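Here the protein sequences come in this chain order: A and B.
The first sequence begins at 123 in this note's numbering and counts up one residue at a time.
The second sequence begins at 233 in this note's numbering and counts up one residue at a time.
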Amino acid sequence: MKHALHAEWTKLRTLAGTVWLLLAAAALTAAVSAAAAAATRCPSGGCADDPAKISLTGIYLGQAIVAVLAVTVVSGEYGTGMIRLTLAATPRRVNILAAKAAVITGLVLVTGAVAVPVSLLAGALILSGHGIGPSRGYPAISFTDGPVLRAAFGSVLYLALIALLSLGAATALREAAAAIGTVLGVLYVLPIVAVFDGDATLTRHLEQIAPMTAGLAIQATTGLNSLPISPWAGLGVLAAWAAGSLVVGGILLRNRDA
Amino acid sequence: MKPVLVPLRAEFAKFRRVRSWVIALCAAVTVFVLLSFLSAFESRAPVGAVPVGPGGEAVSDTYMFVHQALAGDGTLTARVTALSGTPELAPWAKAGIILEPDTNQGTAYAAVMVTGDHGIRMQDNYTHDRPGLPGRVGLSSPRWLRLSRAGDIITGYDSTDGTHWTEIASARLAGLPRTVRTGLFVTAPEYFVAGAVAGTPSAATASFDWVSVHGGLPSRPWTGTAIAGSYPVASAPTWKQVSASAFTMTGSGDIAPLVGDIISAQWAGASIVNGTIAALLVVIVLTALFATSQYRRGSVRTALAAGPHRGQFLATRAVVAGSLASAAGFTATALAEVITRHVLAANGSYLFPQSGPGLARVIIGTGLLLGLAAALVVALGAMLRRSAVTVAAGIVLLVLPGILGAQTGNWLMRFTPTAAFAIQATLPRSSLVTSAYTPPNGYFPVSPWAGLAVLAAYTAAALTAATWLLRHRDA
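Below you can see the structure in the form of structure tokens.
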């Protein structure tokens with residue numbers, strides 16, 4: 123297992139794209155968050171805004187880049203034929219998947235741990251400038267506040283779970299375009315279908331089982347009673363998606379010729 | 233064959249040979265139609281009959297009416313001293329005097345009224361509106377209203393003191409019978425708190441005095457009728473005659489054009505949007521593979537050697553992918569329109585009257601949307617070369633802003649490629665009705681063709697950038 127881990131780390135570290143993708147994920151997460159905060163205005167007061175959630179809007183985009191990275195880790199090897207060498211070097215194939223998962227999770231956690239606090243700080247600064255701050259009765263974005271801490275930690279975990287979901291999908295589907303299309307389809311299209319569905323009960327059920335809407339419930343710091351699913355249960359739904367995807371990917375990897 | 237057609241034919245041949253791509257194109261059509269069908273099938277919001285106004289448009293016609301008959305020409309005068317609302321006074325809450333041939337749903341009318349936030353208005357036949365005196369009505373600022381009939385012509389006046397009258401406007405009600413119903417009315421539509429996606433029914437209470445009618449009056453006593461339509465009401469209407477010429481009335485509803493999200497939360501076109509997004513996803517993945525496959529296999533070098541004009545190489549690929557995706561889009565939208573309308577009607581949902589040109593615009597526009605999206609992905613593929621990155625970029629540009637738009641306001645659906653979804657807007661909009669004019673309810677922040685033009689601009693810019701890169705970069 124240690125060898126597999128070392129091998130995966132070396133492969134990922136020496137790929138030219140890895141660093142750029144991670145930097146892009148962090149930078150774009152923070153940039154979109156700041157833009158969302160800058161676009162939020164409440165001239166008459168009393169808007170149902172959740173400052174922490176607005177400040178973490180960038181996760182919507184950041185997760186796409188994280189998904190690309192995770193998919194590339196597997197699909198890249200199938201594209202070049204490298205996978206046959208990897209499988210020959212580590213006959214216990216599940217170990218390969220575990221090692222890939224460990225390496226990518228570590229990298230994404232570090233990236234998230236940079237991007238999330240930066241986003242929150244930028245959001246707090248910009249939003250209070252727009253009158254959406256403690257002076258108007260909105261909850262302050264403070265890292266000692268329980269819900270804000272939960273939103274911050276949860277968002278970092280969310281990115282890691284998205285990476286694992288993508289890793290499993292790529293292992294099962296192999297082809298990069300199909301894998302990323304499937305992952306982003308499940309993430310983005312399910313919520314849109316939910317929004318454009320007229321039936322309120324169905325919309326709520328879709329939001330409870332869709333990995334993105336359920337997982338991002340972790341970002342809510344206000345209006346917790348009106349959420350379709352409670353924050354940690356929501357992250358649990360995403361974790362179930364990630365686990366399911368890894369299990370399917372693992373089984374296919376073990377039983378299929380490369 | 234003309235030289236310019238040679239590369240085009242070569243690209244089509246390459247596409248046709250790979251059977252999986254043809255299958256995937258059929259999959260895009262299937263996914264589109266299937267998701268539209270499921271979306272329509274799941275929607276169950278049965279509504280009763282919706283009245284149609286004199287102009288043929290769907291209308292709301294729900295209010296409290298205290299009236300008597302008027303034969304021939306005559307004049308109705310009343311003073312309004314108070315207008316209040318529960319739980320809130322809606323901006324378009326209305327209390328005033330009205331004249332109409334009968335009390336049927338969707339009947340012709342002319343009325344002068346005080347409103348919540350829009351001052352005095354003279355309105356007729358649901359869609360016509362002219363402003364009178366501004367300001368809210370109150371004990372210290374009562375408003376006098378007058379309607380006078382001469383043949384088919386109804387003229388409205390307002391006054392602050394009952395002696396100095398100003399004419400607001402006059403309306404012609406064609407074919408008005410000799411005997412009409414005239415009297416007082418009160419109604420109040422749903423009100424919307426800022427940012428809300430759905431309205432809350434409200435009721436309004438108004439006090440009238442100095443009510444007088446001059447003209448042929450076959451029956452003296454006043455009759456109260458609750459004109460009940462399909463509009464959601466807050467409470468049962470009431471009326472009380474305080475003295476010979478004073479009344480207090482409570483009403484809920486609206487007399488106005490019908491817009492989306494009032495009687496049914498479901499916008500029929502939402503099924504088409506859902507189908508389009510699913511098909512868009514398939515088109516993005518398919519086109520990204522098409523656009524980057526030659527880079528992976530290295531055959532791009534052969535292709536570039538065979539046709540050294542690199543700009544043309546990219547243009548032909550964009551035309552091939554774009555026209556095939558468009559063809560799939562036309563077919564799928566036409567099928568989905570027929571199927572979803574049938575399913576929604578069977579479910580008892582209300583479908584707004586749809587004009588032929590409007591329907592054609594949705595079908596052609598959705599095809600063009602998918603075609604332009606495919607051409608955009610071809611350009612992204614030539615720039616990014618890797619299929620995973622191309623697919624992600626395509627989805628981030630063409631789908632993600634639609635989700636973020638719900639979080640950060642509608643401006644994202646104005647300036648990003650998702651503006652193109654405006655081509656699917658079909659619902660009527662009215663400045664006389666407050667509603668949640670949001671994308672999920674079927675209203676987009678740009679006009680249909682302007683929205684499609686935004687996507688076309690992105691596609692053109694991306695193709696230009698990709699051509700430049702292709703010329704200046706080694707393959």
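Just so it is clear, CB atoms sit at the ideal spot from N, CA and C, and this is done for glycine as well.
These numbers were taken from a predicted model, which means no experiment stands behind them.
### Task
With a 10 Å radius around its C-beta and 16 neighbouring C-beta atoms as the bar for buried, classify residue 407 of chain B as buried or exposed.
exposed
### Task
Look at the alpha carbon of residue 585 of chain B and the alpha carbon of residue 279 of chain B, and state the distance between them as a whole number of angstroms.
15 Å
### Message
In whole angstroms, give me the CA-to-CA distance for residue 298 of chain A and residue 196 of chain A.
### Response
8 Å
### Query
Taking 8 Å as the CB-CB cut-off, is residue 306 of chain A touching chain B?
yes
### Message
Any beta carbon of chain A sitting closer than 8 Å to that of residue 680 of chain B?
### Response
no
### Query
What number of angstroms, rounded off, separates the C-alpha of residue 224 of chain A from the C-alpha of residue 350 of chain A?
Each residue's alpha carbon lies about 31 Å from the other.
### Task
Check whether the Cβ atoms of residue 438 of chain B and residue 343 of chain B lie closer than 8 Å to each other.
No, the pair does not count as a contact, with Cβ atoms beyond the cut-off.
### Query
Of all the CB atoms in chain B, is at least one closer than 8 Å to the CB of residue 210 of chain A?
no
### Query
If you check the beta carbons only, do residue 96 of chain A and residue 171 of chain A fall under 8 Å apart?
Summary: the structure shown does not reach residue 96 of chain A, with chain A confined to residues 123 through 380, and so no result is reported for it.
#### Entry: Near-chain A residues of the stretch 500-514 of chain B - C-beta to any C-beta below 7 Å
502, 505, 506, 509, 510 and 513
### Message
Can you tell me whether residue 279 of chain A is helix, strand or coil according to DSSP?
### Response
helix
### Query
How many Å lie between residue 679 of chain B and residue 374 of chain A at the Cα?
48 Å
### Query
Between B:257, B:239, B:243 and B:237, which lies nearest to residue 510 of chain B when the distance is taken from Cα to Cα?
B:257
### Query
At least one CB of chain B closer than 8 Å to the CB of residue 313 of chain A: is that the case?
yes
### Task
Decide if the stretch 180-194 of chain A is in contact with the stretch 292-310 of chain A; the criterion is three or more beta carbon pairs, one per stretch, under 8 Å apart.
yes
### Task
Answer with yes or no whether the minimum CB distance from residue 672 of chain B to chain A is below 8 Å.
yes
#### Entry: Simplified DSSP state of residue 350 of chain B, which is helix, strand or coil
Residue 350 of chain B falls in the coil class under three-state DSSP.
### Task
Inspect the beta-carbon positions of residue 278 of chain A and residue 228 of chain A and report whether they are closer than 8 Å.
no
### Task
Could you tell me the boundaries of the beta strand (DSSP E) in which residue 360 of chain B lies?
360-363
### Query
Which residues of chain A have a Cβ atom closer than 9 Å to the Cβ of residue 328 of chain B, listed in chain order?
Neighbours of residue 328 of chain B on chain A: none; closest Cβ ~29 Å, over 9 Å.
### Query
Out of curiosity, what's the CA-to-CA distance linking residue 139 of chain A and residue 368 of chain A?
23 Å
#### Entry: residue 128 of chain A classed as buried or exposed, judged by whether at least 16 other C-beta atoms fall within 10 angstroms
exposed
### Query
List, in order along the chain, the chain B residues whose C-beta lies closer than 7 Å to that of residue 182 of chain A?
632, 635 and 636
### Listed by chain order, chain B residues near residue 73 of chain A by CB distance under 7 Å
Nothing can be reported for residue 73 of chain A: it is not among the residues displayed for chain A, which extend from 123 to 380.
### Query
Which parts of the stretch 384-462 of chain B are runs of the beta strand (DSSP E), unbroken and 3 residues or longer, counting only runs that do not cross its ends?
385-391, 398-404, 411-419, 435-448 and 455-459
### Query
Applying a beta-carbon distance threshold of less than 7 Å, which residues of chain B neighbour residue 302 of chain A?
Residues of chain B passing the Cβ test: 620, 623 and 624.
### Chain-ordered residues of the stretch 192-220 of chain A with a beta carbon less than 8 Å from chain B
Listed in sequence order: 193, 194, 197 and 201.
### Query
So, is the C-beta of residue 280 of chain A closer than 8 Å to a C-beta in chain B?
no
### Message
Could you tell me the alpha carbon to alpha carbon distance between residue 413 of chain B and residue 325 of chain A, rounded to whole angstroms?
### Response
46 Å
### Query
Taking the runs of the alpha helix (DSSP H) that are 4 residues or longer, which of them lie wholly in the stretch 303-372 of chain A?
312-317, 322-331 and 333-337
### Task
May I have the straight-line CA-CA distance separating residue 481 of chain B from residue 457 of chain B, to the nearest angstrom?
11 Å
### Query
With 16 other CB atoms within 10 Å as the buried threshold, where does residue 255 of chain B fall?
Exposed.
### Query
Of the choices A:327, A:311 and A:331, whose alpha-carbon is the least far from that of residue 630 of chain B?
The candidate whose alpha carbon is nearest that of residue 630 of chain B is A:311.
### Unbroken alpha helix (DSSP H) run spanning residue 589 of chain B, endpoints
588-616
### Message
Looking at the strands, I want to know which residues DSSP matches up with residue 306 of chain B.
### Response
B:381 and B:447
### Task
Mark residue 177 of chain A as exposed unless 16 or more other C-beta atoms lie within 10 angstroms of its C-beta, in which case mark it buried.
buried
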